[in-house]
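A.B. asks: Mind looking over this structure? Questions follow.
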Amino acid sequence: MFGSPLFRRFAHPAVALAIVGAAAGGGNAPAMSQTAQAKPVNSAVATHYRTINVKGTDIFYREAGPLDAPVVVLLHGFPTSSFMFRNLIPALSDRYRVIAPDYPGFGQSAVPDRRHFSYSFANFAELTDGLLTQLGAKRYALYVQDYGAPVGYRLALLHPEKVTALVVQNGNAYDAGLSPFWDPIKAYWADGSKANREALRAGLTLEATKFQYLDGVSDQTRISPDTWIHDQALLDQPGKDEIMLDLFKDYATNITLYPLFHNFFRMYQPPTLITWGANDKIFPAAGAQAYLKDLPSAELHLLDSGHFALEDKGEEITRLMREFLDRKAPRN
Numbered sequence: 001m002f003g004s005p006l007f008r009r010f011a012h013p014a015v016a017l018a019i020v021g022a023a024a025g026g027g028n029a030p031a032m033s034q035t036a037q038a039k040p041v042n043s044a045v046a047t048h049y050r051t052i053n054v055k056g057t058d059i060f061y062r063e064a065g066p067l068d069a070p071v072v073v074l075l076h077g078f079p080t081s082s083f084m085f086r087n088l089i090p091a092l093s094d095r096y097r098v099i100a101p102d103y104p105g106f107g108q109s110a111v112p113d114r115r116h117f118s119y120s121f122a123n124f125a126e127l128t129d130g131l132l133t134q135l136g137a138k139r140y141a142l143y144v145q146d147y148g149a150p151v152g153y154r155l156a157l158l159h160p161e162k163v164t165a166l167v168v169q170n171g172n173a174y175d176a177g178l179s180p181f182w183d184p185i186k187a188y189w190a191d192g193s194k195a196n197r198e199a200l201r202a203g204l205t206l207e208a209t210k211f212q213y214l215d216g217v218s219d220q221t222r223i224s225p226d227t228w229i230h231d232q233a234l235l236d237q238p239g240k241d242e243i244m245l246d247l248f249k250d251y252a253t254n255i256t257l258y259p260l261f262h263n264f265f266r267m268y269q270p271p272t273l274i275t276w277g278a279n280d281k282i283f284p285a286a287g288a289q290a291y292l293k294d295l296p297s298a299e300l301h302l303l304d305s306g307h308f309a310l311e312d313k314g315e316e317i318t319r320l321m322r323e324f325l326d327r328k329a330p331r332n
């Protein structure tokens with residue numbers, strides 16, 4: 001989330017490749033393996049771009065795939081939108097109904113006046129729940145990245161019976177995943193002073209957005225500049241800065257819910273695939289490994305990439321997802 005010089009003092013995490021979680025009941029340490037080449041997939045299914053009013057707020061979403069297929073919901077992070085899934089959606093939609101919404105204030109969704117609208121993760125989860133209800137998605141697998149994790153896990157707390165599987169890509173739910181990078185944000189949580197709020201504006205700059213896409217990527221020429229230019233253009237719209245600073249403050253409410261998220265994992269044991277950019281300075285690999293405490297059967301793959309690993313390792317993540325969902329996502 002923040003790529004300014006203020007945060008560059010933090011050490012670069014070690015890289016690990018394709019570490020796979022222990023099998024159910026096996027209790028063995030993760031094993032090292034080489035990742036196979038991605039196989040071509042059918043990408044001929046059209047993606048539709050729609051907007052629907054949910055509880056008085058216009059929510060934009062991308063959708064593709066057969067209406068009677070198992071549902072996969074893609075939940076984006078900061079500072080991006082469903083745009084981050086522009087390549088993943090067609091790669092899954094030959095076999096799955098894929099739904100990818102934009103939260104209010106992000107992407108193409110409405111930007112309500114913050115004086116009259118709650119920009120909070122709780123509200124994002126409720127609106128996403130309302131969207132899925134209107135679309136008739138009664139059960140679904142969740143792909144969560146960055147902000148998508150607390151939105152998705154709040155959905156899971158609301159309707160645990162609806163979650164068929166989890167795909168986690170640098171979406172944190174453990175204290176171990178909060179690196180020293182978060183210290184300035186924690187200071188704002190502890191003391192919501194103007195000075196602490198203003199200090200976080202460094203995370204809203206083009207430099208910070210570009211950092212999120214490029215840091216930890218071994219071959220930066222694989223990352224299209226369209227990604228950070230697109231995100232920054234929307235981030236720079238009037239009033240967006242105050243909305244994002246509100247959300248930085250509200251992120252603290254997610255930390256207090258960690259025990260409830262963990263209880264959901266332990267109680268329901270949703271099939272889980274973790275595809276994590278191991279070089280991420282925002283959510284380091286320790287956050288990925290922490291999931292195995294509550295989800296010992298999770299399939300863990302640490303990839304040689306950064307925060308937005310989908311941009312760098314899209315083919316690999318697609319292959320892993322298709323194979324995982326074909327085994328774990330129930331079909332009608």
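Each step along the sequence shown adds one to the number in UniProt numbering, with nothing skipped, and position 192 is 192. Glycine included, each C-beta is placed from N, C-alpha and C at the ideal position.
Kindly indicate which three-state DSSP category residue 188 falls into: helix, strand or coil?
C.D. replies: Sequence index remark: in the sequence shown, residue 188 carries index 188 (1-based). DSSP places residue 188 in helix when its eight states are reduced to three.
A.B. asks: Would you grab the beta carbon distance between residue 110 and residue 62 for me? Rounded to a whole angstrom, and I think it's under 8 angstroms.
C.D. replies: Position 110 of the sequence shown, counting from 1, holds the residue named residue 110. Position 62 of the sequence shown, counting from 1, holds the residue named residue 62. Not really, about 16 angstroms apart at Cβ, beyond 8 angstroms.
A.B. asks: Between residue 131 and the rest of its own chain, which residues show a CB-CB distance below 7 angstroms, the 5 nearest in sequence each way excluded?
C.D. replies: As a first step, residue 131 is located in the sequence shown; it is residue number 131 there, counting from the start. Closer than 7 angstroms at Cβ, skipping near neighbours: 52, 54, 59, 61, 101.
A.B. asks: With residue 62 as the anchor, note down where its beta strand (DSSP E) starts and where it stops.
C.D. replies: For the purposes of this step, residue 62 is taken as residue 62 along the sequence shown, with counting starting at 1. Here the beta strand (DSSP E) through residue 62 covers 57 to 64.
A.B. asks: Could you give the distance in angstroms between the alpha-carbon of residue 326 and the alpha-carbon of residue 189?
C.D. replies: On the sequence shown, position 326 is the one that residue 326 refers to. On the sequence shown, position 189 is the one that residue 189 refers to. For residue 326 and residue 189, the distance between alpha carbons rounds to 41 angstroms.
A.B. asks: So what does DSSP say about residue 274, is it helix, strand or coil?
C.D. replies: Start at 1 with the first residue of the sequence shown, and residue 274 comes out as number 274. Residue 274: strand per DSSP, three-state reduction.
A.B. asks: Please state whether DSSP places residue 330 in a helix, a strand or coil.
C.D. replies: For the purposes of this step, residue 330 is taken as residue 330 along the sequence shown, with counting starting at 1. Residue state, collapsed to three classes: coil.
A.B. asks: Please check the pair residue 286 and residue 177, which I expect to be a contact at CB under 8 angstroms, by giving their CB distance rounded to whole angstroms.
C.D. replies: Sequence index remark: in the sequence shown, residue 286 carries index 286 (1-based). Sequence index remark: in the sequence shown, residue 177 carries index 177 (1-based). With 8 angstroms as the limit, residue 286 and residue 177 qualify as a contact, their Cβ atoms being about 6 angstroms apart.
A.B. asks: The beta strand (DSSP E) with residue 178 in it runs from where to where?
C.D. replies: In the sequence shown, the residue the question calls residue 178 occupies position 178. Per DSSP, residue 178 belongs to no beta strand (DSSP E) and is neither H nor E.
A.B. asks: What is the DSSP secondary structure of residue 230, reduced to helix, strand or coil?
C.D. replies: As a first step, residue 230 must be located in the sequence shown, where it is residue number 230. DSSP places residue 230 in helix when its eight states are reduced to three.
A.B. asks: Establish whether the CB of residue 320 and some CB of chain E are separated by less than 8 angstroms.
C.D. replies: Any reference to chain E falls outside this structure, which holds one protein chain only.
A.B. asks: Excluding five sequence neighbours on each side, which residues of the same chain lie with their C-beta closer than 7 angstroms to the C-beta of residue 294?
C.D. replies: Position 294 of the sequence shown, counting from 1, holds the residue named residue 294. So the qualifying residues of the chain are 262, 265, 266.
A.B. asks: Beta-carbon separation of residue 166 and residue 272 under 8 angstroms?
C.D. replies: For this step, residue 166 is matched to residue 166 along the sequence shown. For this step, residue 272 is matched to residue 272 along the sequence shown. Yes, Cβ-Cβ distance for residue 166 and residue 272 is below 8 angstroms.
A.B. asks: Taking residue 291 as the reference, give the member of 257, 87, 78, 172 with the closest Cα.
C.D. replies: In the sequence shown, residue 291 corresponds to position 291, counting from 1. Here the closest residue by C-alpha is 172.
A.B. asks: Ignore the nearest five residues each way along the sequence and tell me which others in residue 187's own chain have a CB closer than 6 angstroms to its CB.
C.D. replies: By one-based count along the sequence shown, residue 187 stands at place 187. Here the set comprises 196.
A.B. asks: How would you write the range of the beta strand (DSSP E) that residue 97 sits in, first residue to last?
C.D. replies: For this step, residue 97 is matched to residue 97 along the sequence shown. Its beta strand (DSSP E) spans residues 97 to 101.
A.B. asks: Can you tell me which of 78, 87, 237 puts its alpha carbon nearest to the alpha carbon of residue 103?
C.D. replies: In the sequence shown, the residue the question calls residue 103 occupies position 103. Ranking the options by Cα distance to residue 103, first place goes to 78.
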